[in-house]
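Each remark here refers to the structure printed beneath this line.
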Amino acid sequence: GASVKMASPKTVPKDAQVMMQILKDMGITEYEPRVINQMLEFTYRYVTTIIEDAKIYATHAKKSTVDADDIRLAIQCRMDQSFTSPPPRDFLLEVARQKNQAPLPLIKPYAGPRLPPDRYCLTAPNYRLKSLQKKVSSSAGRITVPRLSVGAVSSRPSTPTLGTPSVQTMGSKVGTPVSLTGQRFTVQIPSSQAFSLPPISTVQNVLINPSLIGSKNILITTNMVSQNSSGESGSLKRKHEDDDDYDAL
Amino acid sequence: MAAVQDGGSELEGEKEPKPELMNDGSTAPAAAPSSRPEDQQTLLAVLQFLKRNKLIESVDALRREAGLADEPEEAPGSEAAGGAGGAAAGSGELGDAGALLSRVSGGSQSAAAPAPAKGGDDQPDVSVVLSAYSQQGDPSLYQVYYSGLKKFIESVLDCHRAELSQLFYPLFVHMYLELVYNNHESEAKSFFEKFNGDQECYYQDDLRVLSGLTKKEHMKGNETLLDFRTSRFVLRISRDSYQLLKRHLQERQNNQIWNIIQEHLYIDIFDGMPRSKSQIDSMSGSLAGEAKREDNKTKVYYGLLKEPEIEVPLDDEDEEAENEEGKPKKKKPKKDSMGSKSKKQDPNAPQQNRIPLPELKDSDKLDKIMYMKEATKRIRLGPESLPSICFYTFLNAYQGLTAVDFTDDSSLLAGGFADSTVRVWSVTPKKLRKVKSAADLGMIDKESDDVLERIMDEKTASECKILYGHSGPVYGVSFSPDRNYLLSSSEDGTIRLWSLQTFTCLVAYKGHNYPVWDTQFSPYGYYFVSGGHDRVARLWATDHYQPLRMFAGHLADITCTRFHPNSNYVATGSADRTIRLWDVLNGHCVRVLTGHKGPIHTLAFSPNGKYLASGSTDGRVLLWDIGHGLMIGELKGHTDTIYALRFSRDGEILASGSMDNTVRLWDAIRAFDDVETDDFTAATGHVHLPDNSQELLLGTYLSKSTPVIHLHFTRRNLLLSAGAYNSQ
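Chains as they are written, first to last, in my numbering: chain A, 233 to 481; chain B, 2 to 729.
Structure representation (structure tokens):
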């Protein structure tokens with residue numbers, strides 16, 4: 233809002249009057265009325281935080297009263313924590329000088345969408361769906377989890393697979409907690425769930441396969457749907473799982 | 002920290018005797034070893050100083066006479082003190098020991114500005130102690146010094162007075178900051194009250210910030226002022242005026258002002274006529290003074306890169322340039338061709354491979370052909386033929402619209418909002434479609450001709466798509482030239498790359514840890530530049546998660562970043578009221594352009610690459626010649642901040658949009674034609690700016706209480722503009 237509705241001086245509390253005066257001194261003439269309230273709330277919260285911190289410091293120093301040094305220390309610590317300021321100029325100049333020494337990297341031709349390595353992208357799915365239907369006996373303990381890194385595949389070059397024998401054997405077990413113990417892959421199912429509920433069966437997987445990029449740089453995603461063990465296993469592919477990125481359920 | 006401050010306050014009481022102490026040369030100790038703690042501190046500091054400079058015998062002599070035991074070594078900030086020692090050694094030719102001291106402290110300050118704030122050692126670091134000496138003379142006499150200078154300057158000849166008046170503002174600020182830094186709060190207040198009314202009107206904002214800064218602690222969080230204190234304010238003064246000043250200051254008894262000038266100001270002396278007040282006013286206003294002449298001497302390749310040769314298909318009915326063999330002509334002549342037909346290299350254009358650029362894909366070649374076709378249908382603009390303006394008003398944005406961008410072919414419009422969303426609209430009747438999900442993609446026939454249409458999902462087609470991901474207001478948006486990507490920069494410190502095929506976020510580039518105020522894709526794609534609150538502009542490539550170049554040098558936030566049409570240079574406008582031009586190849590700053598009186602919010606390069614236009618909060622548009630680094634025009638007319646500037650496709654018209662709800666059109670060809678740059682002006686950088694804004698103004702168009710925040714010329718020279726309706 234462009235104009236400030238000046239409430240009658242009787243109804244405006246003194247703190248708000250002080251805040252209005254501060255805004256006027258700083259040359260801010262147009263502001264919404266709610267700005268005063270926000271500034272007052274901030275001031276209140278900031279001051280109480282500082283005073284509480286100062287009390288802690290005073291107690292730590294075994295002083296009976298809080299004095300100016302405690303307040304100063306509290307302000308200093310809060311400033312370093314919440315109200316950090318950008319680095320100083322000489323530091324920036326030095327960092328820039330070092331960074332600018334490296335020549336510009338050459339651009340690889342015909343590389344598809346030019347994106348950083350997958351680890352730095354946000355292109356991986358960050359969810360997996362859990363089926364709610366109760367499967368009784370012969371459902372597979374197969375967990376097919378969405379893949380994270382395309383490049384990490386080693387066994388079959390064209391499609392991403394996991395070739396560790398340990399996983400294959402896991403697939404035939406029933407009703408057991410599935411834990412893929414490999415170098416990097418672990419599926420953790422909380423033990424509370426493992427024995428009582430049937431394992432997770434169907435997961436939608438979306439893979440991003442940059443090798444299928446057309447001339448328009450379109451990412452064609454191929455869907456790999458996991459099936460029950462009773463069903464076909466031909467199209468079933470194992471996936472890597474980078475456990476660091478998933479919360480345990 | 003406490004130790005430093007106590008030391009400072011105790012030492013200042015005996016400041017007068019101390020300079021004389023130093024005057025005797027570094028080897029003379031105090032007359033008698035006094036047991037007062039402040040003297041001890043001074044002695045220790047002097048000892049450290051001598052040790053750093055390897056004056057061993059002096060160290061021993063001092064120790065013997067003062068009766069001190071051996072000291073442990075290594076206080077923090079030793080490099081700073083070493084630097085200070087180096088500076089002192091280098092300036093030994095100055096006979097004045099007071100100036101020697103000031104150089105030492107100046108050197109130590111600039112190198113150790115962060116160190117004293119953080120070092121809280123018992124060992125009095127020499128730089129820390131000396132910073133207490135950095136003020137020249139008695140604080141209560143500062144008013145006297147300043148008044149004395151004022152009286153002198155008012156008494157000189159008219160022609161010199163304008164130039165010497167430039168001294169007032171930097172001296173005032175530096176003296177005030179000295180007083181505050183050394184904890185003379187009451188003297189600082191009275192000094193401020195007495196003299197702040199004398200300063201130029203365009204410094205009022207800075208003075209207001211200063212008025213709130215009364216204690217040393219206040220300075221600590223304010224990086225801009227700390228940088229101001231340690232950097233040198235540049236003044237351009239003619240040799241005659243300078244001689245006058247120097248003679249006056251050196252013949253007086255206390256030449257404290259002279260010391261301050263030497264410490265904090267950089268005087269760029271030129272030979273020639275003194276400048277008039279209007280000339281000075283047009284160039285001043287920035288936080289660091291004007292630009293040194295040598296800053297603007299690097300050769301800038303402002304020419305355009307050669308267009309690649311593209312074969313235009315035979316069935317093009319506009320094609321009339323086929324030669325007899327029936328082969329299509331290799332290059333379609335464009336109306337704005339800048340010597341593109343000639344084979345030899347434009348001497349002002351960079352080499353094609355000066356910086357690596359992505360090669361053209363087939364889709365890019367198709368785009369170029371489309372561009373050329375549109376270019377033939379382009380309207381030629383001029384004072385008699387003004388463009389039509391189509392205004393896109395954002396309704397119900399509640400002052401939340403913070404950034405807008407159009408694609409080059411004007412088919413898509415993106416808006417960044419304060420609620421951290423980015424919304425993309427289709428400007429044409431064609432709706433926005435995203436790629437089908439993986440399940441559906443498996444079912445389409447990959448061999449069909451229109452596979453590229455089949456992969457798009459019709460069911461979720463809509464006119465607007467909303468992109469969620471940022472955690473703060475989005476302050477900059479930019480489409481890639483091939484319309485595949487969208488960049489957005491936000492207050493949360495990240496820059497996000499969105500895919501316009503899937504309408505999802507692909508990458509979040511983290512590097513700025515502070516709000517990023519602007520971002521822009523390079524005209525050739527692949528690179529993009531961003532600038533923000535941390536005073537650094539970064540050049541990124543989409544496939545690197547860290548920046549490739551860092552452009553550091555501004556004193557305050559970078560508010561606007563733009564690529565040059567040849568993608569070899571980046572211009573940044575900042576809240577310190579300067580514009581800097583950076584070379585992408587090596588990260589150097591090749592131009593510093595001063596003259597604005599407020600933060601610069603928009604920049605626009607002319608299509609031929611020679612000129613730059615800038616708009617700021619002071620309502621003026623300034624025109625710059627990049628090759629010479631000179632201001633060549635000033636367009637006055639707007640009454641409020643200018644947020645949008647754009648040249649028409651052939652550079653004939655400059656359009657500016659402002660918070661005063663108007664779009665103004667200016668005659669760019671005439672503005673650039675009127676410039677006469679003879680040798681003198683090119684050498685010294687002084688141009689007489691004709692006051693012809695009224696003649697250059699071709700039209701003013703009011704919107705219905707909608708500030709204009711973006712302007713875009715379509716390929717056929719229709720002007721599109723965008724803003725959010727403001728109901729108040």
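Even glycine gets a Cβ: it sits at the ideal position worked out from N, Cα and C.
CA-CA distance, residue 646 of chain B to residue 250 of chain A, rounds to 40 Å.
For the segment 555-618 of chain B, not one full-length alpha helix (DSSP H) segment reaches 4 residues or more.
Below the 8 Å Cβ cutoff, chain B contributes no neighbours of residue 358 of chain A, its closest Cβ being approximately 11 Å away. Listed in chain order, the non-local C-beta contacts of residue 591 of chain B below 6 Å within the same chain comprise 299, 301, 582 and 584, local neighbours out to five positions each way being set aside. Exclusion of the five residues before and after residue 630 of chain B leaves 297 and 592 as the residues of its chain whose Cβ lies within less than 6 Å of its Cβ. The secondary-structure analysis by DSSP pairs residue 495 of chain B across a beta bridge with B:511.
Cβ proximity to chain A below 9 Å picks out 205, 206, 209, 210, 212, 213, 218, 221, 222, 223 and 224 from the segment 190-224 of chain B.
The beta carbons of residue 246 of chain B and residue 269 of chain B sit no closer together than 8 Å. Taking a contact to require three or more Cβ pairs closer than 8 Å, the segment 388-401 of chain B and the segment 716-729 of chain B qualify as touching. The Cβ atoms of residue 553 of chain B and residue 325 of chain A lie closer than 8 Å to each other. In the structure shown, residue 204 of chain B adopts helical secondary structure according to DSSP, grouped into three states. Distances from the CA of residue 341 of chain A to each of B:374, B:380 and B:544 were compared; the closest alpha carbon is that of B:544. In the structure shown, residue 444 of chain B adopts coil according to DSSP, grouped into three states. Two segments are said to touch when three or more pairs of C-beta atoms, one from each, lie closer than 8 Å; by this definition the segment 455-462 of chain B does not touch the segment 380-388 of chain B. In the DSSP assignment, residue 626 of chain B falls within the unbroken beta strand (DSSP E) covering 621-626.
Taking 8 Å as the upper bound for CB-CB distance, residue 524 of chain B and residue 482 of chain B are in contact here, some 6 Å apart. Of the candidates B:407, B:504, B:193 and B:546, the residue whose Cα lies closest to the Cα of residue 477 of chain B is B:407. When 7 Å is used as the limit between beta carbons, residue 171 of chain B is near no residue of chain A, the shortest such separation being about 18 Å. Per DSSP, the continuous beta strand (DSSP E) segment holding residue 711 of chain B begins and ends at 711-714.
The C-beta of residue 179 of chain B has 16 or more other C-beta atoms within 10 Å across all chains shown, which makes the residue buried.
No Cβ of chain A is located within less than 8 Å of the beta carbon of residue 578 of chain B. Here DSSP, grouped into helix, strand and coil, assigns residue 486 of chain B to strand. Nearest CB-CB separation between residue 357 of chain B and chain A: below the 8 Å threshold.
The straight-line gap separating the alpha-carbon atoms of residue 487 of chain B and residue 256 of chain A is approximately 40 Å. In the DSSP assignment, the residues bridged to residue 533 of chain B are B:517. With contacts defined by Cβ atoms closer than 8 Å, residue 568 of chain B and residue 356 of chain B form a contacting pair. With fewer than 16 other Cβ atoms inside 10 Å of its own Cβ, residue 295 of chain A counts as exposed. Each residue's CA atom was taken as its position, placing residue 189 of chain B and residue 312 of chain A some 27 Å apart. Considering only beta carbons, the part of the segment 568-598 of chain B lying closer than 8 Å to chain A consists of 585, 586, 587, 588 and 589, in chain order.
Per the DSSP secondary-structure output, residue 475 of chain B pairs in a beta bridge with B:491. CA-CA distance, residue 373 of chain B to residue 311 of chain B, rounds to 10 Å. Residues of the segment 336-355 of chain A with a Cβ closer than 9 Å to any Cβ of chain B, in chain order: 336, 337, 338, 339, 340, 341, 342, 343, 345, 346, 347, 348, 349, 351, 352, 353, 354 and 355.
Chain B has no Cβ within less than 8 Å of the Cβ of residue 279 of chain A. It is roughly 26 Å from the alpha-carbon of residue 419 of chain B to the alpha-carbon of residue 572 of chain B. Beta-bridge annotation (DSSP): residue 551 of chain B is paired with B:539. Partner residues in the beta bridge of residue 635 of chain B, as assigned by DSSP, are B:623.
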